[in-house]
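Take a look at the structure below.
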Amino acid sequence: MSKDGVDPNYPVAAETIGVNFAHKHGIEGTDAAALAKLRALSGGDCGWGQESDGPGGPPIYPGPILDGKLVVETAESAYKAGRQANVPLIIGSNSAEVPAGFVNASSKEELLSQFVSVKSEMSAAYDPDGATDFARMLTLVNTDKVWAEPGRFTARAFAAKGTPAYIYLFSYVSPSMQGRMRFGAAHGSEIPYVSITSELEMGPQWIPRTQSLPR
-12 MSKDGVDPNY
-2 PVAAETIGVN
8 FAHKHGIEGT
18 DAAALAKLRA
28 LSGGDCGWGQ
38 ESDGPGGPPI
48 YPGPILDGKL
58 VVETAESAYK
68 AGRQANVPLI
78 IGSNSAEVPA
88 GFVNASSKEE
98 LLSQFVSVKS
108 EMSAAYDPDG
118 ATDFARMLTL
128 VNTDKVWAEP
138 GRFTARAFAA
148 KGTPAYIYLF
158 SYVSPSMQGR
168 MRFGAAHGSE
178 IPYVSITSEL
188 EMGPQWIPRT
198 QSLPR
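With the numbering used here as the guide, the letters of the sequence shown map in order to residues -12 to 202.
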């Protein structure tokens, strides 16, 4: 977003997020000196990062910039108004995309407190008996919030316009990767199966499987 408060789903402007990111690295101001310090940060500092500066902290991860010229509305507003392209769509997600990063917490209570309006529903869905492994719960919440539900929303919008839409859920984990992917298929793990490089990526234990791992 180009300005704060433009859209309820993107309430913080890109510039504000940039200032927050700089502040996280001890850089204050928006002048040339601050820019020089930002440019001096390492690649690791500027790589893939968390969505916020700690649980409940200010956003530091960028998103769409609604500048009124190149991007004039959000994807959601376009979909709701039926202005998306009329082309068949296939969209989906993996069963355990990332362990954290977009939604962050150090306990179940801290995690659920970020979804106050649906806290009871969240608890029933992700931790019905109170025995769900916290790491698994955090993984699934991140997966659903950032990948699965946006994909479902998009598919519904296309289908409502009469456009063919297909949803996939990739959940296969090869035996050689199950130690690293304890809760399901991680982000990007479906790619070798599309590009036919599974043995190189997953090791020699790759075997065909028709039954998905339980979610």
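We put the CB at the ideal spot given by N, CA and C, even for glycine. Predicted, not measured: the structure shown is a model, and the values here were computed from it.
> Quick one: Cα of Gly175 to Cα of Val160, how far?
Replying inline: Counting from 1 along the sequence shown, the entry for residue 175 is found at position 188. Counting from 1 along the sequence shown, the entry for residue 160 is found at position 173. Answer to the nearest angstrom: the Cα atoms are 12 Å apart.
> Which residues in the same chain have their Cβ closer than 8 Å to the Cβ of Ser94, if we skip the five residues on either side of it in sequence?
Replying inline: Counted from its first residue, the sequence shown places residue 94 at position 107. Taking Ser94 as the centre and dropping the five residues before and after it, the same chain places the C-beta of Phe121 closer than 8 Å to its C-beta, in chain order.
> Going along the chain, which unbroken runs of the beta strand (DSSP E) with 3 or more residues stay wholly within the region 61 to 116?
Replying inline: 76 to 81
> Should Thr130 be labelled buried (16 or more other beta-carbon atoms within 10 Å of its own) or exposed?
Replying inline: Position 143 of the sequence shown holds residue 130. Per the 10 Å Cβ criterion, buried.
> Apart from the five residues on each side of it in sequence, which residues of its chain come closer than 7 Å, Cβ to Cβ, to Gly50?
Replying inline: Along the sequence shown, read from residue 1 onward, the residue named residue 50 stands at position 63. Excluding residues within five positions, the ones whose Cβ falls inside 7 Å are Tyr(-3).
>> Relative to the C-alpha of Glu63, which candidate in Gly138, Ser80 and Met168 has its C-alpha closest?
In response: Residue numbering aside, residue 63 sits at position 76 when the sequence shown is read from its first letter. The candidate whose alpha carbon is nearest that of Glu63 is Gly138.
>> From the DSSP secondary-structure annotation, give me the bridge partner or partners of Pro46.
In response: Working through the sequence shown from its first residue, we reach residue 46 at position 59. Answer is Ser39, bridged to Pro46.
>> For Glu84 and Phe170, what's the separation of their Cα atoms in angstroms?
In response: As a position in the sequence shown, residue 84 is number 97, starting the count at 1. As a position in the sequence shown, residue 170 is number 183, starting the count at 1. Their Cα atoms are separated by approximately 9 Å.
> Would Ser29 be called buried (16 or more neighbouring beta carbons within 10 Å of its own) or exposed?
Replying inline: As a working note, residue 29 is residue 42 in the sequence shown. That one is exposed.
> Across which residues does DSSP place Leu156 in a beta bridge pair?
Replying inline: Taking the first residue of the sequence shown as 1, we reach residue 156 at position 169. DSSP output for Leu156 lists Ser80 as bridge partner(s).
>> Do Ile52 and Ala1 count as a contact pair if the criterion is CB distance below 8 Å?
In response: If you number the sequence shown from 1, residue 1 lands on position 14. If you number the sequence shown from 1, residue 52 lands on position 65. Yes, the pair counts as a contact, with Cβ atoms nearer than the cut-off.
>> Closest to Pro46 by C-alpha separation, out of Phe8, Glu136 and Thr17, would be which residue?
In response: By 1-based counting over the sequence shown, the position of residue 46 is 59. Nearest option by C-alpha distance: Phe8.
>> Going by DSSP in three states, Asp32 sits in which element: helix, strand or coil?
In response: Counted from its first residue, the sequence shown places residue 32 at position 45. Residue state, collapsed to three classes: helix.
>> Quick check on the DSSP output: the alpha helix (DSSP H) that includes Arg167 runs from which residue to which?
In response: As a position in the sequence shown, residue 167 is number 180, starting the count at 1. Taken as a continuous stretch (DSSP letters only), Arg167 belongs to no alpha helix (DSSP H), as it is neither H nor E.
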